[in-house]
Amino acid sequence: MTTKPGGKGVSLKDKLDGNELDLSLSDLNEVPVKELAALPKATILDLSCNNLISLPSDFCTLTHLVKLDLSKNQLQQLPFDFGRLANLQHLDLLNNRLVSLPVSFAHLKNLKWLDLKDNPLDPVLAKVAGDCLDEKQCKLAAVRVLQHMKTVQSDHDRERQRKLQAEREMEKKREAEQRAREAQERELRRREKAEEKERRRREYDALRAAKQEMETQTKKETKETPKPSSVSCPSQLPQHKRSWSRALLKLLFFLLLAALSTVAVCRVTELRSQPLCVSVNTLYEEAVTALQSHRILQNMLRQNSQP
Numbered sequence: 001m002t003t004k005p006g007g008k009g010v011s012l013k014d015k016l017d018g019n020e021l022d023l024s025l026s027d028l029n030e031v032p033v034k035e036l037a038a039l040p041k042a043t044i045l046d047l048s049c050n051n052l053i054s055l056p057s058d059f060c061t062l063t064h065l066v067k068l069d070l071s072k073n074q075l076q077q078l079p080f081d082f083g084r085l086a087n088l089q090h091l092d093l094l095n096n097r098l099v100s101l102p103v104s105f106a107h108l109k110n111l112k113w114l115d116l117k118d119n120p121l122d123p124v125l126a127k128v129a130g131d132c133l134d135e136k137q138c139k140l141a142a143v144r145v146l147q148h149m150k151t152v153q154s155d156h157d158r159e160r161q162r163k164l165q166a167e168r169e170m171e172k173k174r175e176a177e178q179r180a181r182e183a184q185e186r187e188l189r190r191r192e193k194a195e196e197k198e199r200r201r202r203e204y205d206a207l208r209a210a211k212q213e214m215e216t217q218t219k220k221e222t223k224e225t226p227k228p229s230s231v232s233c234p235s236q237l238p239q240h241k242r243s244w245s246r247a248l249l250k251l252l253f254f255l256l257l258a259a260l261s262t263v264a265v266c267r268v269t270e271l272r273s274q275p276l277c278v279s280v281n282t283l284y285e286e287a288v289t290a291l292q293s294h295r296i297l298q299n300m301l302r303q304n305s306q307p
């Protein structure tokens, strides 16, 4: 049987042993997984003395393998799901470049024989594996390495759970911070609305107070103004004129008081930014300026008139 994965010739030797097929492949740069998967009776596979640097990820689908020889290659690592080869009992990894084994190695519960010699193994793993110089040592290596990898898997699972728990705690913390920010924003908006409502209430109260003051003053002036007599007498003419003069003065005083009230409202309350108040404040400032100028002019004329 001959196949050509990777564009290179592959020599395959097979031997039928009862219902099992013993395959030996040479001159390989990569493993013909599809061809091997089509041979479910090939439970013994010899891939030793090739130039394999790695195994393809689908190699672990060859779950029918019982004995696997990968010795004297250039393997730097095994697939992370190597533990899927659940029927594997005999594994030879002699003389490769392996430093560690995948965590899933702990799932090879049927493994009875293992050789890891002549690999640059991690010191801890190398000590656990020991030598494989005879059948007894190789079987002991399988037992000890499986136990060690189970411990590694437990540590790995605990670390993964710790990370997951830390991520969940971090997510809860982020959610709590987000809820706190949202609550703070809602409180800020509530305060702003309350302050705006209070500002408008004060403006309304100021306007109403000014209006009531003007109405009160108007009523007072109206009550104090005497009604004119229906019959005119020549002797009462001067008194009638004096009454109208007083009414006119009172009206002027009322208008002056109303103007001063308007100026006070526009300069003291928050209505000063309204267009009407802006005009009133401008007229007030111009009047003050003109009055000051008039006083300065009178002082200058008085000084010039003195001998």
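The letter at position 144 of the sequence shown is residue 144 when you use the UniProt record's numbering, and the numbering goes up by one with no holes.
Beta carbons: idealized from backbone N, C-alpha and C, even for Gly.
As the structure is a prediction and not an experimental result, all values here were calculated from the model.
Own chain residues within Cβ distance below 7 Å of Lys139, not counting five before or after: Lys112 and Trp113
Roughly how far, in whole angstroms, is the beta-carbon of Gly83 from the beta-carbon of His107, given that I think they are within contact range, below 8 Å? 3 Å
Under the assumption that Asn95 contacts Ser71 (Cβ atoms under 8 Å), give the Cβ distance between them as a whole number of angstroms. 6 Å
I believe Val128 touches Val145 by the beta-carbon criterion, under 8 Å. Please report the beta-carbon distance rounded to the nearest angstrom. 6 Å
Can you list, in chain order, the residues of its chain with a C-beta nearer than 6 Å to that of Arg202? Leave out the 5 residues immediately preceding and following it. none
Just the Cα atoms here: how many angstroms apart are Glu195 and Glu270? Cα-Cα distance, rounded: 13 Å.
Val31: which of Thr61, Met170 and Arg174 sits nearest, CA to CA? Thr61
If you reduce the DSSP assignment to three classes, tell me which class Asp81 lands in. coil
May I ask which residues mark the beginning and end of the beta strand (DSSP E) holding Lys219? Counting along the chain, Lys219 falls outside any beta strand (DSSP E), though it belongs to the alpha helix (DSSP H) covering Glu135 to Glu224.
Could you tell me which whole alpha helix (DSSP H) segments of length 4 or greater appear in the stretch 63-124? Listed in chain order, there is nothing to give.
I need the DSSP call for Asp22, collapsed to helix, strand or coil. strand
Taking the C-alpha atoms as reference points, what is the distance between Phe59 and Asp46? C-alpha separation (whole angstroms): 14 Å.
Ser293 burial status per 10 Å Cβ neighbour count (16 or more: buried): exposed
Where does Asp46 fall in DSSP's three states? Strand at Asp46.
Take Leu237 and list the residues in its own chain whose beta-carbon comes closer than 6 Å to its own, dropping the five residues that flank it on each side. Low per-residue confidence applies at Leu237: pLDDT is 49, beneath 50, and the placement is therefore not dependable, though the value from the model is reported in the following sentence. Close CB contacts of Leu237 within its chain, under the 6 Å cut and outside five residues either way in sequence, are absent.
Measure the C-alpha to C-alpha separation of Ile44 and Asp27 and round it to an integer number of angstroms. Distance between the alpha carbons of Ile44 and Asp27 is about 18 Å.
Round the Cβ separation of Ser273 and Glu213 to the nearest angstrom and send it over; I've been treating them as touching at under 8 Å. Actually they are not in contact, since the Cβ atoms of Ser273 and Glu213 sit about 22 Å apart, beyond 8 Å.
Is it true that the CB of Val152 sits closer than 7 Å to the CB of Val103? yes
For Asp134, count neighbouring C-beta atoms within 10 Å of its own C-beta (all shown protein chains included) and say buried if the count is 16 or more, exposed if not. It is exposed - the Cβ of Asp134 has fewer than 16 other Cβ atoms within 10 Å.
Beta-carbon spacing of Pro79, His64 below 7 Å: Pro79 is not a Cβ neighbour of His64, given a cutoff of 7 Å.
Determine the closest residue to Leu249 out of Glu221, Leu121, Val33 and Leu164, with distance taken between C-alpha atoms. Glu221
Using the C-alpha atoms, what's the distance from Leu255 back to Glu224? 16 Å
Between the CA atoms of Ala209 and Thr216 - distance to the nearest angstrom: 10 Å
Three-state secondary structure assigned by DSSP to Ala38: coil
Under the assumption that Glu122 contacts Val99 (Cβ atoms under 8 Å), give the Cβ distance between them as a whole number of angstroms. Contrary to the premise, residue 122 reads as Asp rather than Glu in this sequence. Contact flag correct, Cβ pair sits at about 6 Å.
Cys266 beta carbon less than 7 Å from that of Val280: yes
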